[in-house]
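Here the protein sequences come in this chain order: A and B. First residue of the first sequence: 1, per the numbering used here; consecutive thereafter. First residue of the second sequence: 1, per the numbering used here; consecutive thereafter. Virtual Cβ for every residue (Gly too), placed ideally from N, Cα, C. In what follows, a structure is listed as structure tokens, so that the remarks can point back to it.
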Amino acid sequence: GIQVEQSPPDLILQEGANSTLRCNFSDSVNNLQWFHQNPWGQLINLFYIPSGTKQNGRLSATTVATERYSLLYISSSQTTDSGVYFCAPYGGGGLTFGKGTHLIIQP
Amino acid sequence: EPEVTQTPSHQVTQMGQEVILRCVPISNHLYFYWYRQILGQKVEFLVSFYNNEISEKSEIFDDQFSVERPDGSNFTLKIRSTKLEDSAMYFCASSLWDRQETQYFGPGTRLLVL
């Protein structure tokens, strides 16, 4: 099956900082989603982005399908952005989740 | 905005007992899924369901597991004889008409097997 690698595994930033999270995947995909898992364990859908660039407020995402990677940008971080960010491409079967990036935003 | 809902939010059971986790997918969605996340680990796909039958399943989804759409709104995951290692968060998801579309996740059921 498809392999997914996310980096960095952990990231600690001060409030107001910007960050870039990366997701590499091993095969071509027709769907890729980014999720934020909040401290209560809920998976919040951030983007559906099989290719191209999308923006939603302080967050944006870019997927370059031909080079098999996706990036999530978080600007002007807030403490509520803390949590785990998962990349999940669909390569047959269900979504294949990476191990995630654990982001901590300090006040 | 329509949401996927799951009940119960938490369940504690004894090893060997049967549990049924319930989900109400978004009403006009046609594809349904179950995923699980063992504490501290990544989310793993279990099964997808379309047109009243399983369309795909992972190696995790063995004979201990079954899924059912008992009526027009509910989608259930049954674990026949729970094991300690079944302790996890179980997520239900649905998508509109294709597995490659956006999958919307419910809030999860946290299952603890003692």
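Can you tell me the Cα-Cα spacing of residue i and residue j, whole angstroms?
| i | j | result |
| --- | --- | --- |
| Ile26 (chain B) | Phe75 (chain B) | 11 angstroms |
| Gln11 (chain B) | Met89 (chain B) | 10 angstroms |
| Tyr48 (chain A) | Ala65 (chain A) | 13 angstroms |
| Leu21 (chain B) | Phe49 (chain B) | 15 angstroms |
| Val24 (chain B) | Leu77 (chain B) | 12 angstroms |
| Arg198 (chain B) | Ser58 (chain B) | Since the displayed chain B opens at 1 and closes at 114, residue 198 (chain B) lies outside it and no answer follows. |
| Trp40 (chain A) | Gly108 (chain B) | 10 angstroms |
| Ser1 (chain A) | Thr7 (chain B) | Residue identity differs from the one stated: residue 1 (chain A) is Gly in this sequence, not Ser. The alpha-carbon atoms of Gly1 (chain A) and Thr7 (chain B) are separated by roughly 31 angstroms. |
| Ser77 (chain A) | Gln37 (chain B) | 27 angstroms |
Please check the pair residue i and residue j, which I expect to be a contact at CB under 8 angstroms, by giving their CB distance rounded to whole angstroms.
| i | j | result |
| --- | --- | --- |
| Leu103 (chain A) | Ser82 (chain A) | 6 angstroms |
| His29 (chain B) | Ser94 (chain B) | 4 angstroms |
| Val47 (chain B) | Ile54 (chain B) | 6 angstroms |
Along chain A, in chain order, which residues have C-beta atoms closer than 7 angstroms to that of residue i?
| i | result |
| --- | --- |
| Arg99 (chain B) | Tyr90 |
| Glu68 (chain B) | Correct list: empty, because the minimum Cβ distance to chain A is about 18 angstroms. |
Name the chain B residues whose beta carbon is nearer than 8 angstroms to that of residue i?
| i | result |
| --- | --- |
| Leu46 (chain A) | Result: empty, since nearest Cβ-Cβ is about 11 angstroms, beyond 8 angstroms. |
I want to verify the contact list: residues of chain B whose CB lies under 7 angstroms from the CB of residue i, in sequence order.
| i | result |
| --- | --- |
| Leu11 (chain A) | Within 7 angstroms Cβ-Cβ: nothing; Leu11 (chain A) doesn't reach chain B, min ~17 angstroms. |
| Gly100 (chain A) | Lys42 |
Could you check where the beta strand (DSSP E) with residue i kicks off and where it finishes?
| i | result |
| --- | --- |
| Trp34 (chain A) | 31–37 |
| Pro25 (chain B) | Per DSSP, Pro25 (chain B) belongs to no beta strand (DSSP E) and is neither H nor E. |
| Trp34 (chain B) | 31–37 |
| Glu5 (chain A) | 4–7 |
| Leu46 (chain B) | 43–50 |
| Thr7 (chain B) | 5–7 |
What in chain A is Cβ-close to residue i, meaning under 9 angstroms?
| i | result |
| --- | --- |
| Gln103 (chain B) | Asn31, Gln33, Asn45, Tyr48, Ala88, Tyr90, Gly94, Leu95 |
| Pro107 (chain B) | Trp40, Gly41, Gln42, Leu43 |
| Glu56 (chain B) | Gly92, Gly93, Gly94 |
Would you mind working out which of the options sits nearest residue i, comparing C-alpha positions?
| i | options | result |
| --- | --- | --- |
| Phe61 (chain B) | A:Gly93, A:Ser75, A:Gln42 | A:Gly93 |
| Leu46 (chain A) | A:Ser26, A:Ala61, A:Pro39 | A:Ala61 |
| Tyr90 (chain A) | B:Leu96, B:Leu84, B:Thr102, B:Lys83 | B:Thr102 |
| Val4 (chain A) | A:Gln14, A:Gln33, A:Gln78 | A:Gln33 |
| Gln64 (chain B) | B:Leu96, B:Thr13, B:Gln17, B:Glu3 | B:Gln17 |
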